[in-house]
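Structure, as structure tokens:
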Amino acid sequence: MHGIANTAQAQAWNGYEGAHWAANQDRWNAVNGGFDRPLLDTAALRPGEHVLDVGCGAGATTRLAARAVGPGRALGLDLSGPMLERARARAADEGIANVSFEHGDAQVHPLAPDAFDVAISRFGIMFFTDPVAAFTNIARALRPGGRIVFLSAAAPESTQWLGAFGALDDILPMRGFGAPGGPGMFSLADADTATGLLTAAGFHDARAARVQAYGTWGRDAEDAARFMLDSGPGRHLLEQADTATRALARTRLTERLRRHETPDGLRLHGTGWLLTARRQA
Ligand SMILES: C[S@@+](CC[C@H](N)C(=O)[O-])C[C@H]1O[C@@H](n2cnc3c(N)ncnc32)[C@H](O)[C@@H]1O
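Take any residue in the sequence shown, note its place counting from 1, add 60, and you have its number in our numbering.
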């Protein structure tokens with residue numbers, strides 16, 4: 061891997077968080093897969109195009125893109141060694157030959173200039189310490205007139221799974237949780253901030269559209285609460301609590317999620333911004 065600018069993120073995604081996502085890639089795809097259609101429809105990929113998937117993780121969207129653009133190619137770029145290992149293995153299992161993966165920090169990774177028609181991302185593009193530098197680096201890799209299409213997390217109050225954490229706000233340090241600003245999963249939660257950053261990075265015609273999709277978080281409320289508290293923001297909050305508070309948080313979250321149990325599992329909607337822009341032609 062070349063240089064890293066986002067060292068804290070690199071540690072997280074090569075440590076516990078990355079291992080959790082890698083081990084649970086199918087569960088995370090069940091959570092986020094509802095966003096694939098809006099992402100790919102908007103990207104309007106055509107056969108022969110070259111696609112860069114930024115923060116591709118275990119490569120679900122990279123594989124979808126590769127299938128859409130063959131004989132063109134899809135490249136997945138990610139900071140996380142464990143997730144890329146899964147991405148490569150899954151692509152090989154599925155016999156997808158026009159896909160490859162690189163280990164690197166999208167903010168500084170030396171991408172070939174003018175090499176891609178489209179850059180996409182499913183929630184892998186909101187963790188930069190210097191988003192303008194990162195988007196500038198991505199813009200350089202696009203051909204003139206090339207497009208960027210990606211999903212970023214919207215604010216917690218419009219997202220059911222994050223809203224469920226409201227059940228814990230008198231026992232866990234929720235202050236500032238989900239406040240827009242970076243770096244972190246809510247750094248692009250404000251659409252005007254996100255489009256402004258894209259414009260500052262040299263993109264034009266930057267737009268944001270709100271999208272909502274249901275995801276399956278587990279078999280039932282217990283299973284989903286465990287999953288939510290074992291990773292990401294839930295784990296971060298729990299780490300700051302004592303043993304008794306942790307147990308109480310698990311019970312409370314489980315009870316709060318009970319209303320979302322369905323015959324098809326625990327279903328919650330998530331809300332994101334679908335951001336689009338173009339590099340100057
Ligand atoms: C929320 S996960 C999403 C993964 C994948 N796109 C998906 O939908 O399953 C965020 C991903 O962004 C990656 N990431 C975070 N910061 C990055 C950076 N600076 N450069 C490249 N990848 C990054 C993480 O390693 C992680 O795989």
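Note that beta-carbon positions come from the ideal geometry of N, C-alpha and C, so glycine has one too.
* Outcome for E77 when other beta-carbon atoms lying within 10 angstroms are tallied against a minimum of 16 -> buried
* Quick one: what's got a C-beta closer than 8 Å to R391's C-beta in the same chain, skipping five residues either side? -> Residue numbering for the chain in the displayed model covers 61 to 341; residue 391 lies beyond these limits and cannot be assessed.
* Asked: Given a threshold of 16 other Cβ atoms within 10 Å of its Cβ, counted over all protein chains shown, does Q37 qualify as buried or as exposed?
  -> Here the chain has residues from 61 to 341 only, and residue 37 is not among them.
* To do: Measure the C-alpha to C-alpha separation of W73 and A301 and round it to an integer number of angstroms.
  => 23 Å
* Asked: Going by other Cβ atoms of all chains shown within 10 Å of its Cβ, with 16 needed for buried, is H80 buried or exposed?
  -> buried
* Evaluate the contact criterion for the segment 155 to 163 versus the segment 213 to 221: three or more CB pairs, one atom per stretch, below 8 Å. => no
* To do: Would you please state the rounded distance, in angstroms, between the beta carbons of A227 and R312? I believe it to be under 8 Å.
  => 5 Å
* **S291 - DSSP class collapsed to helix/strand/coil** => coil
* Asked: Do M288 and ligand 1 come close, with the Cβ less than 7 Å from some heavy atom?
  -> no
* **S181 CB to nearest heavy atom of ligand 1 below 7 Å** => yes
* Taking E109 and V178 to be in contact with their CB atoms under 8 Å, please state how far apart those CB atoms are, rounded to whole angstroms. => 6 Å
* Locate the alpha helix (DSSP H) running through E315, then write down its first and last residues. => 303 to 317
* To do: Note down the Cα distance separating P98 from A147, rounded to an integer number of angstroms.
  => 22 Å
* Asked: Under the three-state reduction of DSSP, which class applies to I185: helix, strand or coil?
  -> coil
* 3 or more residues per run - each beta strand (DSSP E) lying fully within the segment 99 to 125 -> 111 to 114
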